[in-house]
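Below is one structure; the comments refer to it alone.
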Amino acid sequence: MFSMSNAKDLYWVVLVAFLFSKSKEQLYNMTRSSEYAELGKTFMWTCQIFLPPGMSGNAVTFERNGKICGIMVQNGNECSTFDMNPRYIFTCISEYSYALTIPAENMTEYEEGSVWGCYYPGDGSYKSLDVVLNIAIDVHNVSMIPSDNPLTIIEGVMREIRCVVNRNAVPAATFTWYLGSEDITSSVGTDAALINITGKKVDNAKLLQCRASNNNKAPKSSSTILNVEYPPFVSIPTAKDVIEGFNLSVKCQASPGNPSTTTFFWTKLNDLEFLNNGPMLQLSNVQKTSAGTYRCTGENTYFNGKKGRHSQDMAVDVLYGPEIKNKAHTVVNETERVVLMRMIDSNPLSNVSWYDGTKLFKTQTATKTAILVIEDAKCTDSKNLTLVAGNTVQSNVTTYVELVVNCKPTPQNAEITFAIPGIPAKVEWSTIVIAYPEPRFTVKYINGTNNSRISMSLSKNSLNNFTIHFEQQVDQGNHLGTFYLEVSNILGSSEILLHIVKQGKPKAPTAIEVMCYVTTARIKWKSSYDGGTLQSFFVVALGDTYQSSRSDVIEDDGENKVHHATVPFLHPSSLYTFYVYAKNKYGVTLSEAQNCTTLKEISITTESSSGTGKIVGSIVGALVMLAFVISVSYFCKRRFTDRDRHNPAKPADLNKDISIYTTIKENQEENTERKPL
């Protein structure tokens, strides 16, 4: 060991050598026994060197805060140390490795933050980097900011919590966060001491804990209970149906929130004036305007004075029966396409039916627009149609839909014949005319001059239905004849032929058709004018000598009506001539003749029997024909004698419609019955 005087000499030698050393720095490696020193524990610095070029001896200088602490020189196996600070121990570990030890008793806070280095004594450019000595201080105080316990957080709101430790803790603490038993450290950012917690209902009353540690020591912790505030949860029906005029009552219920005290109120969407406090929604005498979306809101009050709210909507649907929106009657021209439309306000939608009287035209289901289309309007379509609507609330709501077709007059009869039994006589009759606008009328002779003897009047049955009444006194023969009635309006005119005649024989039946069978024949014909009084019919079949037969008497069904009769007792394979007789009290009229041959009979007798049958048949036929002629003459005489006795001739009462040919009901039905779309 050198003495202190020698050490001083060596110091100056080294210092002079350093001042004249190379200026280029070369790094030595200085390491420590641990990253942090611990109070009261030994700590060691180690400097690894290499011999600078041109130098012959290994040596190193340790310095603290820029001041030399000691110098070590390695000369062969001999290690010489020059300690200039007795707090430290210097050791030559090897030829190129040297150590400075701070004994445990000297490891105090005095060393905290001291700066250490080593260099070659003869050339200061060969040195280590400066290294700071830090003394490790354990984490011993952990807390959270804010320090509230419990810590209140509002659901859905983020809150920042910081974990802090004692300021002098070295090294920096490591932080771990727990929520309940779950490690949530992964959710922190770059600053592990800071965490952002978003309030969740499921986290209410959970323990939030911050754990901090350093120096591989057991962690210290701080914790708080989370108080997550959240609103109540409202529960009501999503929809309610109520019939108009009834009452509606709905209670709003809620699962309590945190805090649990809950208040309720009702509002209505798109109605800022509607407010109903309390859980009960009560609507009296519900009207259509009551329909809409009602909202129940439950709320509580948070720690900061703000409100926690939850709402649920309920759609109120007001059900009501159909209301048919009426409008003025529809007026169209003939041949035009007609669209009859009525709007129907109802909830739910209505089913509708269109009727003409009791006849169903059309049905529609679940509609708010009732539509009936008539492609080609006719004069006879002018009428009041019935529209019936109904739904589950109300059925059979009815209104009339009036259709008016502009048309020239259309009479029920194009020709009318009045037969009087004799002169003088009073003639009264009427006929119906369909027209719009209201028609005018006049009666003229065939030559075009007006007939002022016939008095007329008009009565209105409906919007386009009129009855023209006629009356004439027939005092002499020239009052009889043919006239025509002209009925007109701004759209055109029509004519009705009027025949005033004396009663007489009926006209001959027409359109005769005969179908022959083996022993019978079926005859069809169409009736003609009855001569102004009752007529009847029968059919006569005339064959070979003594082969004749006739039908029963057939009553008249009206002019131009088809009639049928059967003639029995005919012979097979025989040619017959058929006549249809029309008879009234004035005489008999025959139709044109129609021939027909009866069918052949399948024979099952012998030839002799057949010959005998023919002889017998001829005799019987002659007897039948003789009896027929006698009976017909007697029958006709007695029948008409009795009828004249009980039914003396009198003026025709046309209001009672004695002549069945004056009716036009059938014609009207045939002309007007058409099915709309």
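Residue numbers (our numbering): 3 to 679. Glycine included, every Cβ here is placed at the ideal spot set by N, Cα and C.
Beta-bridge pairing of residue i - partner residues as DSSP gives them
i, result
"leucine 499", "Glu417, Tyr486"
"methionine 146", "Cys165"
"serine 397", "Partner(s): none; serine 397 has no beta bridge."
"glutamine 284", "Ser251"
"alanine 330", "Bridge partners of alanine 330: none, in fact."
"histidine 481", "According to DSSP, which records beta bridges pairwise, histidine 481 is partnered with nothing at all."
"lysine 308", "Note: lysine 308 sits in no beta bridge, so no partner."
"serine 215", "Thr176"
"asparagine 349", "Tyr322"
"alanine 317", "Ala241, Thr295"
"cysteine 120", "Phe64"
"phenylalanine 267", "Asn279, Thr299"
"serine 262", "DSSP, once it has assigned bridges, lists no residue as partnering serine 262."
"alanine 171", "Note: alanine 171 sits in no beta bridge, so no partner."
"asparagine 272", "Beta-bridge pairing links asparagine 272 to no other residue."
Residues near residue i in its chain [Cβ-Cβ closer than 6 Å; skip 5 each side]
i, result
"glutamine 475", "Lys428"
"glutamate 603", "Val520, Pro574"
"threonine 176", "Ser215"
"isoleucine 456", "Val445, Phe472, Gln474"
"tyrosine 64", "First, the residue type needs correcting, since residue 64 is phenylalanine and not tyrosine in the sequence shown. Cys71, Gly72, Leu102, Cys120."
"cysteine 298", "Val236, Ile238, Cys254, Trp268, Gln314"
Reduced DSSP category for residue i - H, G, I as helix; E, B as strand; rest coil
i, result
"lysine 290", "helix"
"serine 25", "Legend: pLDDT at serine 25 = 40, less than 50; position of this residue unreliable, value from coordinates given subsequently. Here serine 25 sits in coil by DSSP."
"valine 159", "coil"
"tyrosine 128", "strand"
"threonine 83", "strand"
"aspartate 193", "coil"
"tyrosine 588", "coil"
"threonine 512", "strand"
"lysine 208", "coil"
"tyrosine 232", "strand"
"serine 529", "coil"
"serine 576", "coil"
"threonine 360", "coil"
"threonine 187", "helix"
"tyrosine 112", "helix"
"lysine 203", "helix"
"glutamate 561", "coil"
"glutamate 40", "strand"
"glutamate 336", "coil"
"glutamate 404", "strand"
For residue i, the first and last residue of its enclosing beta strand (DSSP E)
i, result
"glutamate 473", "467 to 476"
"histidine 565", "564 to 569"
"alanine 101", "99 to 104"
"cysteine 49", "45 to 50"
"cysteine 381", "Per DSSP, cysteine 381 belongs to no beta strand (DSSP E) and is neither H nor E."
"glutamate 65", "60 to 66"
"lysine 69", "69 to 77"
"threonine 451", "Where threonine 451 is concerned, there is no enclosing beta strand (DSSP E), given that its DSSP letter is neither H nor E."
"methionine 57", "Careful: methionine 57 lies outside any beta strand (DSSP E) and carries neither H nor E."
"lysine 602", "From DSSP, lysine 602 is part of no beta strand (DSSP E); its letter is neither H nor E."
"alanine 437", "427 to 438"
"threonine 371", "371 to 376"
"leucine 493", "Where leucine 493 is concerned, there is no enclosing beta strand (DSSP E), given that its DSSP letter is neither H nor E."
Cβ neighbours of residue i in the same chain (closer than 7 Å, five flanking residues each side left out)
i, result
"serine 496", "Lys410, Pro411, Thr412, Pro413, Val489"
"aspartate 243", "Asp319, Leu321"
"valine 144", "Cys165, Val167, Cys212, Ala214, Lys222, Ser223, Ser224"
"asparagine 398", "Val390, Gly392"
"threonine 226", "Met146, Asp150, Asn151, Pro152, Leu153, Leu210"
"valine 230", "Ile155, Glu157, Gly201, Lys202, Lys203, Asp205, Asn206, Asn260"
Residue i: CB within 8 Å of a non-hydrogen atom of the ligand ZN
i, result
"proline 148", "By its list of ligands, the structure shown contains no ligand whatsoever, and the ligand ZN lies outside what it can speak to."
Quick one: any contact between the stretch 339 to 358 and the stretch 398 to 407, if contact means 3 or more CB pairs under 8 Å? yes
Stretch-stretch touch, CB-based, cutoff 8 Å, three pairs: the stretch 31 to 40 with the stretch 53 to 61: no
Is it the case that the stretch 321 to 338 contacts the stretch 391 to 402, given that we only count it when at least three CB pairs across the two stretches are under 8 Å? yes
Counting Cβ pairs, one atom from each stretch, are 3 or more of them under 8 Å apart for the stretch 83 to 103 and the stretch 133 to 141? no
Using 8 Å as the threshold, is the stretch 299 to 314 in touch with the stretch 352 to 364, meaning 3 or more CB pairs across them? no
Cβ contact check for the stretch 325 to 333 and the stretch 286 to 295: 3 or more pairs under 8 Å: no
Should the stretch 511 to 527 be called in touch with the stretch 479 to 486, which here means at least 3 C-beta pairs below 8 Å? no
Three or more C-beta pairs below 8 Å linking the stretch 558 to 573 and the stretch 521 to 530: yes
So, does the stretch 251 to 261 touch the stretch 233 to 241, judging by three or more C-beta pairs under 8 Å? yes
Would the stretch 143 to 157 and the stretch 112 to 126 be scored as touching if the rule is three or more Cβ pairs under 8 Å? no
Please determine if the stretch 578 to 596 and the stretch 537 to 554 are in contact, where contact requires at least 3 C-beta pairs separated by less than 8 Å. yes
Say whether the stretch 255 to 267 touches the stretch 293 to 302, bearing in mind that this needs 3 or more beta-carbon pairs closer than 8 Å, one atom from each stretch. yes
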